[in-house]
Amino acid sequence: MSVPGPYQTAAGPYQTAAGPYQGAAGPSAMPTAPPTYEETVGVNNYYPTPPAPVPGPATGLITGPDGKGMNPPSYYTQPVPVPNANAIAVQTVYVQQPVTFYDRPVQMCCPSCSKMIVTQLSYNAGALTWLSCGSLCLLGCIAGCCFIPFCVDALQDVDHYCPNCKALLGTYKRL
1 MSVPGPYQTA AGPYQTAAGP YQGAAGPSAM PTAPPTYEET VGVNNYYPTP
51 PAPVPGPATG LITGPDGKGM NPPSYYTQPV PVPNANAIAV QTVYVQQPVT
101 FYDRPVQMCC PSCSKMIVTQ LSYNAGALTW LSCGSLCLLG CIAGCCFIPF
151 CVDALQDVDH YCPNCKALLG TYKRL
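Quick note on numbering: full-length UniProt numbering labels position 153 of the sequence shown as 153, and the sequence is numbered without any gaps.
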């Protein structure tokens, strides 16, 4: 007797014995295909399934454009909800995410007038403006050049206003 090679087993050459993961020959109790997505998730459980075609004379045939008979399409409707006598009125509340204000206009919903707006900007002297003015004074710009930071928008704080109701919506401070 020879020792079985890589393609030879005790059952013979090129034959393998049934292992623990191989099914036995014959009819199987296992389904032939996996369940569909709808069956697995339970989608469309509320809709009736169409009846299986019954062999025999066809009833309700409609003549199609090519002269051949065809069945009319079947339509399924969703059941009408039953009104509840003890229903409670529900109010919808919209929560707006916090808005971060910078030195550019912001599109947002105004909390005062509840309209979609783009903010109007107003520039005011802030800490950076005064520090810049003081620094220019220390450098010797006493003859009026130290007031240049009050004319530069990039050195001032920014207030955001609603163009509709003129409400102050937020402030961007540079320092």
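Beta carbons are placed, not taken as given, at the ideal position from N, Cα and C, and that holds for glycine.
Linking residue 137 to residue 146 through their CA atoms gives a straight-line distance of about 6 Å. According to the DSSP assignment, residue 41 belongs to no beta strand (DSSP E) but to the alpha helix (DSSP H) extending over 37 to 41. In this structure, 114 is the residue among 102, 105 and 114 with its C-alpha nearest to the C-alpha of residue 94.
Annotation: residue 77 is outside any beta strand (DSSP E) and is labelled neither H nor E by DSSP. Secondary structure at residue 109: strand, using DSSP grouped into helix, strand and coil.
In the assembly as shown, residue 156 is a buried residue. Its beta-carbon has 16 or more other beta-carbons within 10 Å. Where residue 122 is concerned, the enclosing beta strand (DSSP E) starts and stops at 120 to 124. Separation of residue 87 and residue 38 (C-alpha to C-alpha, rounded to the nearest whole angstrom) is 32 Å.
A residue is called buried when at least 16 other Cβ atoms come within 10 angstroms of its Cβ; residue 175 does not meet this threshold and is exposed. The C-beta separation of residue 164 from residue 110 comes to about 6 Å, placing the pair in contact by the 8 Å criterion.
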